[in-house]
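Asker:
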Amino acid sequence: MTLKKEYDENGLLYLENVVSKNLIDKINFKIEIFKKKNFDFLKGNNLLKNDRLHRIINFHILIEDIKEVYNEILTKISDIFFNNTTLWSSIYFETGSEQPLHRDLPYFYTGELHSSFGCWVALEDINSNNGPLEAIKKSHLIDQPDLVKIRNLFFADSDVPSSDNNLFGYYNQQVRLMCKNYEKIEYSNIQKGSVILWHINTLHGGKEHFDKNLTRKSLVFHFTPKNKFVGHLDYFFCKERKLPSVKFEYEVYKNKLIKKNNLIDFAHIIQKTKEELII
Ligand SMILES: O=C(O)CCC(=O)C(=O)O
Ligand SMILES: [Fe+2]
76 MTLKKEYDEN GLLYLENVVS KNLIDKINFK IEIFKKKNFD FLKGNNLLKN DRLHRIINFH
136 ILIEDIKEVY NEILTKISDI FFNNTTLWSS IYFETGSEQP LHRDLPYFYT GELHSSFGCW
196 VALEDINSNN GPLEAIKKSH LIDQPDLVKI RNLFFADSDV PSSDNNLFGY YNQQVRLMCK
256 NYEKIEYSNI QKGSVILWHI NTLHGGKEHF DKNLTRKSLV FHFTPKNKFV GHLDYFFCKE
316 RKLPSVKFEY EVYKNKLIKK NNLIDFAHII QKTKEELII
């Protein structure tokens, strides 16, 4: 089976030895230095979870070698994906996300179903004790639950906000029920440098991170098509709203596009520019 066919059928793809080990070692080293030099800022703002970095969005603005990880992945999978794929955002984790099974689509709603996807990269070996990724095979093919009904349970008389944990949680609970007889895959024996891709409509999440002495260094990338507006819950649950046309600015890195952003976001708590941090 070709990679493209496997991805289309399962909504998932697992590829070994995609990202070079030297590059990963370099990134891990630079992040260690970052952590030491910025420790007061990180600790003072409660940005560490069990003394680990957690959910740093767009760290590639500061740790630029992360862009090379994106390049290595896209080079490997270019035959599967459209040539207008761009990097929308990156997320760095030093510990397990422990996120329940969910679809990313409500937060990455471009109006298209098949052109956006998520990608997870192991920056160290992963086992069943350090929060492996899990996903439901073929769940991308299951229809949406009744979105208007779900939205009216929470926002019958007011506008849907762009983000809401209760609405998102309830939606995913419904999807999990619809997929309860589908096969769950636990990626619990994964080597550093391996990559897992998921369709934007595939259910996936992070298992419990049992052994807190272990780290779970990993990166997540979200890819979306060039110049497509990315709507959140306020668009996903309101199909009557027209998605705006946009023209984004992109950095061209080795012929690959990275959406320009200025801010590095720490666990949705605090945002900083590159210049405000020590490297
Ligand atoms: O790293 C994980 O455990 C999952 C992260 C995730 O689902 C996401 O960023 O979309
Ligand atoms: Fe996700």
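Mapping the sequence shown onto the numbering used here, position 258 (from 1) lands on 333, and the numbers just tick up by one. Glycine included, C-beta positions come from ideal geometry on N, C-alpha and C.
(1) Are the stretch 308-318 and the stretch 194-204 touching by the rule of at least three beta carbon pairs closer than 8 Å?
(2) Determine the closest residue to I344 out of C254, K124 and K101, with distance taken between C-alpha atoms.
(3) Got a sec: does ligand 2 put a non-hydrogen atom nearer than 6 Å to the Cβ of V179?
(4) Relative to the C-alpha of Y245, which candidate in S214, S153, F229 and W273 has its C-alpha closest?
(5) When the Cα of P300 is compared with those of F134, N103, P175 and T185, which residue comes out closest?
(6) According to DSSP, is R291 part of a helix, a strand, or is it coil?
(7) Could you give the first and the last residue of the continuous beta strand (DSSP E) run that contains L281?
(8) Assuming P207 and E261 make a contact with CB atoms under 8 Å, what is their CB distance in whole Å?
(9) Considering D115, what are the terminal residues of the alpha helix (DSSP H) in which it resides?
(10) Under three-state DSSP, which class holds D126?
(11) For the candidate residues F311, K112 and I166, whose alpha-carbon lies nearest to that of D356?
(12) From what residue to what residue does the alpha helix (DSSP H) around L78 run?
(13) Where in the stretch 151-187 do unbroken runs of the alpha helix (DSSP H), each at least 4 residues long, occur, reported from the N-terminal end onward?
(14) List the DSSP bridge partners of F304.
(15) CA-CA distance, N347 and L338?
(16) Counting along the chain, where does the beta strand (DSSP E) carrying L208 start and finish?
(17) Using CA coordinates, which residue listed in S263, D218 and K112 is at the minimum distance from N247?
(18) Going by CA-CA distance only, name the one from K267, K212, I353 and K335 that's closest to R291.
(19) Please state the DSSP three-state secondary structure of V144.
(20) Relative to the C-alpha of L252, which candidate in L176, N205 and H284 has its C-alpha closest?
(21) Check whether the Cβ of Q174 sits closer than 6 Å to any heavy atom of ligand 1, and report yes or no.
(22) What is the rounded straight-line gap between the Cα of Y257 and the Cα of I132?
(23) Mark I61 as exposed unless 16 or more other C-beta atoms lie within 10 angstroms of its C-beta, in which case mark it buried.
(24) In this structure, does DSSP put H135 in helix, strand or coil?
(25) Measure the Cβ-Cβ separation of H297 and W163 and say whether it is below 7 Å.
(26) Report the three-state DSSP secondary structure of F312 (helix, strand or coil).
(27) For ligand 1, I want to know if G119 counts as a neighbour, meaning its beta carbon is within less than 6 Å of at least one of the ligand's heavy atoms.
(28) With DSSP as the reference, label D340 as helix, strand or coil.
(29) Round the Cβ separation of L87 and L272 to the nearest angstrom and send it over; I've been treating them as touching at under 8 Å.
(30) Starting from the C-beta of S263, find all residues in its chain whose C-beta is less than 8 Å away, skip the five residues before and the five after it, and write them out in chain order.
Answerer: In terms of the structure at hand:
(1) no
(2) K124
(3) The identity of residue 179 in the sequence shown is Asp, whereas the question assumes Val. Indeed, a heavy atom of ligand 2 lies less than 6 Å from the Cβ.
(4) F229
(5) T185
(6) coil
(7) The question names Leu, but residue 281 is Gly in the sequence shown. Its beta strand (DSSP E) spans residues H279 to G281.
(8) 6 Å
(9) F114 to G119
(10) coil
(11) Absent from the model: residue 356. The displayed extent of the chain is 76 to 354, so no value can be given.
(12) L78 to N85
(13) none
(14) Partner(s): none; F304 has no beta bridge.
(15) Residue 347 is actually Lys in this sequence, not Asn. Distance between the alpha carbons of K347 and L338: 5 Å.
(16) L208 to I211
(17) D218
(18) K267
(19) helix
(20) L176
(21) yes
(22) 31 Å
(23) The displayed coordinates of the chain run from 76 to 354. Any statement about residue 61 would go beyond what the structure contains.
(24) helix
(25) yes
(26) coil
(27) no
(28) strand
(29) 7 Å
(30) I201, N202, S203, P207 and K282
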